[in-house]
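Taking our numbering, the leading residue of the sequence shown gets 54, the next gets one more, and so forth. Think of the CB as a built atom: it goes at the ideal place given N, C-alpha and C, for glycine as much as any other residue. Computed from a predicted structure; not experimentally measured. Inspection log for the structure reproduced underneath, given as structure tokens.
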Amino acid sequence: MRKSPPGKRFRLLRRRESRPDAVAAPALRVPRGAPLQALREVLDRLSDASRGAKDSDPGVRLLSKGETLDEEAAREALSPVPLAVWEASGLLRCEHGKVVPRVRLARYSGLTVACDVDWHAGGAPRDDAVMGITTSTLCLASFTPRGRAARALDLGTGSGLQALLAARHCDRVTAVDLNPRALEFARFNAALNGVENVDFVRGDLLEFEADEPYDLVVCNPPFVISPRSDCLYRDNPLDADGFVQALLQRMPGLLAEGGFGQVVCDWGEGADEPWADHVSAWVRDRGCDAWVLRAQGKDPAAYARTYLGALPEPEQRERLQEWKDYYTRCGIEQIGFGVVTLRKAGGRPSWFRAEGMPPRISRPAGGEIARGFDATDFLRAHPGAVLLEQRLRTAPHVRVEPRVEAVGGRWCTQSARLTRTRGFPYALDVDPAVLDVVLRSDGTRTLGELLQAAANARKTTAAELAPTFVKVIHQLVARGFLLPATRPDTQGAEVVPASRTEEIPDEPKTATG
Numbered sequence: 054m055r056k057s058p059p060g061k062r063f064r065l066l067r068r069r070e071s072r073p074d075a076v077a078a079p080a081l082r083v084p085r086g087a088p089l090q091a092l093r094e095v096l097d098r099l100s101d102a103s104r105g106a107k108d109s110d111p112g113v114r115l116l117s118k119g120e121t122l123d124e125e126a127a128r129e130a131l132s133p134v135p136l137a138v139w140e141a142s143g144l145l146r147c148e149h150g151k152v153v154p155r156v157r158l159a160r161y162s163g164l165t166v167a168c169d170v171d172w173h174a175g176g177a178p179r180d181d182a183v184m185g186i187t188t189s190t191l192c193l194a195s196f197t198p199r200g201r202a203a204r205a206l207d208l209g210t211g212s213g214l215q216a217l218l219a220a221r222h223c224d225r226v227t228a229v230d231l232n233p234r235a236l237e238f239a240r241f242n243a244a245l246n247g248v249e250n251v252d253f254v255r256g257d258l259l260e261f262e263a264d265e266p267y268d269l270v271v272c273n274p275p276f277v278i279s280p281r282s283d284c285l286y287r288d289n290p291l292d293a294d295g296f297v298q299a300l301l302q303r304m305p306g307l308l309a310e311g312g313f314g315q316v317v318c319d320w321g322e323g324a325d326e327p328w329a330d331h332v333s334a335w336v337r338d339r340g341c342d343a344w345v346l347r348a349q350g351k352d353p354a355a356y357a358r359t360y361l362g363a364l365p366e367p368e369q370r371e372r373l374q375e376w377k378d379y380y381t382r383c384g385i386e387q388i389g390f391g392v393v394t395l396r397k398a399g400g401r402p403s404w405f406r407a408e409g410m411p412p413r414i415s416r417p418a419g420g421e422i423a424r425g426f427d428a429t430d431f432l433r434a435h436p437g438a439v440l441l442e443q444r445l446r447t448a449p450h451v452r453v454e455p456r457v458e459a460v461g462g463r464w465c466t467q468s469a470r471l472t473r474t475r476g477f478p479y480a481l482d483v484d485p486a487v488l489d490v491v492l493r494s495d496g497t498r499t500l501g502e503l504l505q506a507a508a509n510a511r512k513t514t515a516a517e518l519a520p521t522f523v524k525v526i527h528q529l530v531a532r533g534f535l536l537p538a539t540r541p542d543t544q545g546a547e548v549v550p551a552s553r554t555e556e557i558p559d560e561p562k563t564a565t566g
């Protein structure tokens, strides 16, 4: 299938549905009353077995792994719910003494979500497959700000997981998808989990018209950069990363003032253009603040093998060359993956922030996203030396590892490593003067007063320390080590010996010379 404009894909899909060989979605129906409650209890039991790494449990193998079971084994594994109830729900079918799963079930955050059994099978899955829970699914679910809101929109809902999560903290959620099979699954998943405040709408992600703006928009779009549009849930339908670009540029028009929009996506990166400049060109000066977090990039050939690895030889070699040639034509030398978060600025000047995604993030991280926007707002409101007039507190879960050396027969602190042990695990090295300020930041004195005290202790002047000091404090605020004193959820730093600390597997940036 050649690359097609989004509107044309809608028409192509409609033609596909009219073909005699088109495969309909399973007839998914949620039982009512006691059978539904019993079914949920069995699913909870199987979820516990899965978390306990008991993958040998027959019920887990049937419903979570997609394996076929003998009828007697399935009946015992799924009791006390009769097989007839499971079959009537569309979750499985019984044939010739065997029980065959019709969907695959996954659990996340207390929710049970059905998807296609074979959505990820082979190098060319069916074009209207309904995706399960993937890395990008989990990334978006974790990074979404979860503040109370009136209206939310899930663009490209797929199995509906993002919409079901948003329904917990939003009064009303609209879930949109071009794929009718995805909407069938999403409706079923909402009913299975007892979620009633979600509306399901068929529509194209770039052509959906909102009747009024949303407080939250989340999107896990088809972002894979590939030369073909083989399947709806996966492949970017426009050249290179054009679909993600168009989606991000449209999002400000969907957001209410102060509303968050979040997209998880891939993008292409050229040899001579910094990745942040590439993404910035899509979102800068469009009425939204933007914070982009990028995970480690991938080599295009390795990226292509991720999606073609299951194909037989020599088809895999042929397709791999097709993908590599496509990247060459598009000028792509590396492919980035990350989370782009927008916030409607409401007429004021907007800002752009881009950085690498920290490793080993404590999830969920939606609170960290909201904190990062607050921190950037605070720093923009108190630029340069104005920051010295503010009172700050050390954030919770900050660990201090002093580095002590013998100088002239005395043990002296030469530097210290600051790490955050919750949320984003940033690490920064600071000098003793900055360390003194961090340890004494309890909200009672201004940064200027703390700087003067540090200067007096070192027999120097505050003016001499100030330029480097302000720059480092700026980093500490941006990365959540220091918070405005007005924030209530703060406490002092934890000072522990270096021998008791965990290794943080990233290269810390030296904050001072």
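Q.
Considering only their Cβ atoms, is the gap separating residue 531 from residue 429 smaller than 8 Å?
A. As a first step, residue 429 must be located in the sequence shown, where it is residue number 376. As a first step, residue 531 must be located in the sequence shown, where it is residue number 478. Contact flag set, yes.
Q.
What does DSSP give as the partner residue(s) for residue 267 in the beta ladder?
A. Here the question's residue 267 lines up with position 214 in the sequence shown. Residue 267 is bridged to 308.
Q: Rounded to whole angstroms, what's the CA-CA distance from residue 491 to residue 508? Just pull it up for me.
A: Along the sequence shown, read from residue 1 onward, the residue named residue 491 stands at position 438. Along the sequence shown, read from residue 1 onward, the residue named residue 508 stands at position 455. A straight line joining the alpha-carbon of residue 491 with that of residue 508 spans about 14 Å.
Q. When the Cα of residue 417 is compared with those of 443, 456, 198 and 265, which residue comes out closest?
A. By one-based count along the sequence shown, residue 417 stands at place 364. Cα-wise, what sits closest to residue 417 is 198.
(Q) Is the separation between the beta-carbon of residue 388 and that of residue 353 shorter than 8 Å? (A) Residue mapping note: residue 388 aligns to position 335 of the sequence shown, counting from 1. Residue mapping note: residue 353 aligns to position 300 of the sequence shown, counting from 1. The beta carbons of residue 388 and residue 353 sit closer together than 8 Å.
Q) Thinking just about the alpha-carbon of each residue, which of 455, 204, 161 and 449 is nearest to the one in residue 307? A) What you label residue 307 is simply residue 254 of the sequence shown in a count that begins at 1. Ranking the options by Cα distance to residue 307, first place goes to 204.
Q) How is residue 90 classed by DSSP in three states: helix, strand or coil? A) On the sequence shown, position 37 is the one that residue 90 refers to. In the three-state reduction of the DSSP assignment, residue 90 falls in the helix class, which pools H, G and I.
Q: Identify the continuous beta strand (DSSP E) that holds residue 277 and give its terminal residues.
A: What you label residue 277 is simply residue 224 of the sequence shown in a count that begins at 1. In this chain, residue 277 is not harboured by any beta strand (DSSP E), its DSSP state being neither H nor E.
Q.
For a minimum of 3 consecutive residues, which ranges assigned as the beta strand (DSSP E) are wholly contained in the stretch 191-233?
A. Complete beta strand (DSSP E) runs here, min 3: 202-208 and 223-230.
**Q.** Collapsed DSSP secondary structure at residue 537 in the structure displayed
**A.** For the purposes of this step, residue 537 is identified with residue 484 of the sequence shown, where counting begins at 1. DSSP places residue 537 in strand when its eight states are reduced to three.
Q.
Could you tell me the alpha carbon to alpha carbon distance between residue 514 and residue 278, rounded to whole angstroms?
A. Working through the sequence shown from its first residue, we reach residue 514 at position 461. Working through the sequence shown from its first residue, we reach residue 278 at position 225. For residue 514 and residue 278, the distance between alpha carbons rounds to 55 Å.
**Q.** Assigned exposure category for residue 100 - 16 Cβ within 10 Å defines buried
**A.** Translated into positions along the sequence shown, residue 100 becomes position 47. Around the Cβ of residue 100, a 10 Å sphere holds 16 or more other Cβ atoms; the residue is buried.
Q) Starting from residue 378 and walking both ways along the alpha helix (DSSP H), at which residues does that stretch end? A) To locate residue 378, count along the sequence shown from 1; it is residue 325. Taken as a continuous stretch (DSSP letters only), the alpha helix (DSSP H) holding residue 378 covers 368-383.
Q: State the Cα-Cα distance for the pair residue 345 and residue 94, rounded to the nearest angstrom.
A: The sequence position of residue 345 within the sequence shown is 292, counting from 1. The sequence position of residue 94 within the sequence shown is 41, counting from 1. A direct Cα-Cα distance of roughly 40 Å separates residue 345 from residue 94.
Q) How many Å lie between residue 87 and residue 168 at the Cα? A) Here residue 87 is taken as the residue at index 34 of the sequence shown, counted from 1. Here residue 168 is taken as the residue at index 115 of the sequence shown, counted from 1. Cα to Cα, residue 87 sits roughly 24 Å from residue 168.
Q.
Using only the alpha-carbon positions, how far apart do residue 467 and residue 458 sit?
A. Along the sequence shown, read from residue 1 onward, the residue named residue 467 stands at position 414. Along the sequence shown, read from residue 1 onward, the residue named residue 458 stands at position 405. The C-alpha of residue 458 is placed about 7 Å away from the C-alpha of residue 467.
Q. For the candidate residues 125, 432, 454 and 156, whose alpha-carbon lies nearest to that of residue 119?
A. What you label residue 119 is simply residue 66 of the sequence shown in a count that begins at 1. Of 125, 432, 454 and 156, the smallest CA-CA separation from residue 119 is found for 156.
Q) Near residue 377, what residues of its chain come up, given a Cβ to Cβ distance below 7 Å and the 5 sequence neighbours on each side ignored? A) Position 324 of the sequence shown, counting from 1, holds the residue named residue 377. So the qualifying residues of the chain are 353, 354 and 357.
Q: Assign residue 421 to buried or exposed, taking buried as 16 or more other Cβ atoms, counted over all protein chains shown, within 10 Å of its Cβ.
A: Position 368 of the sequence shown, counting from 1, holds the residue named residue 421. Using a 10 angstroms sphere on the CB of residue 421, the tally of other CB atoms reaches 16 or more, which defines it as buried.
(Q) With DSSP as the reference, identify every bridge partner of residue 325, one or two as the case may be. (A) As a working note, residue 325 is residue 272 in the sequence shown. For residue 325, which the question treats as bridged, DSSP gives no partner whatsoever.
Q) From residue 76 to residue 246, what distance separates their C-alpha atoms? A) Translated into the one-based positions of the sequence shown, residue 76 becomes position 23. Translated into the one-based positions of the sequence shown, residue 246 becomes position 193. Low confidence applies to residue 76: its pLDDT is 45, below 50, so where it sits in the model is not reliable enough to give any reading.
Q.
Taking DSSP's pairing of strands, which residues face residue 157 in a bridge?
A. Translated into positions along the sequence shown, residue 157 becomes position 104. Answer is 168, bridged to residue 157.
Q: Measure the Cβ-Cβ separation of residue 383 and residue 321 and say whether it is below 8 Å.
A: Reading the sequence shown from its first residue, position 330 is the one you call residue 383. Reading the sequence shown from its first residue, position 268 is the one you call residue 321. Taking 8 Å as the cut-off, the beta carbon of residue 383 is found closer than this to the beta carbon of residue 321.
Q) Which word fits residue 150, buried or exposed, when buried means at least 16 other C-beta atoms lie within 10 angstroms of its C-beta? A) Start at 1 with the first residue of the sequence shown, and residue 150 comes out as number 97. It is exposed - the Cβ of residue 150 has fewer than 16 other Cβ atoms within 10 Å.
**Q.** Contacting residues, own chain, Cβ-Cβ under 7 Å from residue 139 (five flanking each side not counted)
**A.** For the purposes of this step, residue 139 is taken as the residue at position 86 of the sequence shown. These residues qualify, in order along the chain: 131 and 145.
Q: Go ahead and label residue 237 buried or exposed: buried means 16 or more other beta carbons lie within 10 angstroms of its beta carbon, across all protein chains shown.
A: As a first step, residue 237 must be located in the sequence shown, where it is residue number 184. Under the 10 Å beta carbon count, residue 237 is surrounded by 16 or more other beta carbons and is classified as buried.
Q. Looking at residue 216 and residue 226, is the spacing between their C-beta atoms short of 8 Å?
A. Counting from 1 along the sequence shown, the entry for residue 226 is found at position 173. Counting from 1 along the sequence shown, the entry for residue 216 is found at position 163. Yes.
**Q.** Through-space distance from residue 304 to residue 153, alpha-carbon basis
**A.** In the sequence shown, the residue the question calls residue 153 occupies position 100. In the sequence shown, the residue the question calls residue 304 occupies position 251. When the Cα atoms are used, residue 153 and residue 304 turn out to be separated by approximately 42 Å.
Q) Among 516, 266, 323 and 379, which residue has its Cα nearest to the Cα of residue 396? A) The residue labelled residue 396 in the question sits at position 343 within the sequence shown. Minimum Cα distance to residue 396 is reached at 266.
**Q.** Nearest candidate by alpha-carbon position, reference residue 451, set 533, 200 and 499
**A.** Along the sequence shown, one-based indexing puts residue 451 at 398. Among 533, 200 and 499, the Cα nearest to that of residue 451 is on 533.
(Q) Along the chain, where does the alpha helix (DSSP H) containing residue 398 start, and where does it finish? (A) Taking the sequence shown and counting its residues from 1, one reaches residue 398 at position 345. That residue, residue 398, is in no alpha helix (DSSP H); it is neither H nor E in DSSP.
Q. What are the boundary residues of the beta strand (DSSP E) that residue 148 is part of?
A. Within the sequence shown, numbered from 1, the residue matching residue 148 stands at position 95. Run containing residue 148: 145-148, per the beta strand (DSSP E) assignment.
Q) Can you name, in chain order, every residue of its own chain whose Cβ lies under 7 Å from the Cβ of residue 248, other than the five neighbours on each side? A) Reading the sequence shown from its first residue, position 195 is the one you call residue 248. Closer than 7 Å at the Cβ level, and outside the excluded window around residue 248, lie 217 and 220.
Q: Please determine, among 455, 485 and 499, the residue with the shortest C-alpha to C-alpha distance to residue 472.
A: Position 419 of the sequence shown, counted from the start, is the residue given in the question as residue 472. Minimum Cα distance to residue 472 is reached at 455.
Q) With distances taken from CA atoms, which of 488, 506 and 505 is nearest residue 535? A) Taking the sequence shown and counting its residues from 1, one reaches residue 535 at position 482. When each option's Cα is compared against that of residue 535, the closest is 488.
**Q.** Reduced DSSP secondary structure (H/G/I, E/B, other) of residue 103
**A.** Numbered from 1 along the sequence shown, position 50 holds the residue referred to as residue 103. Here DSSP, grouped into helix, strand and coil, assigns residue 103 to helix.
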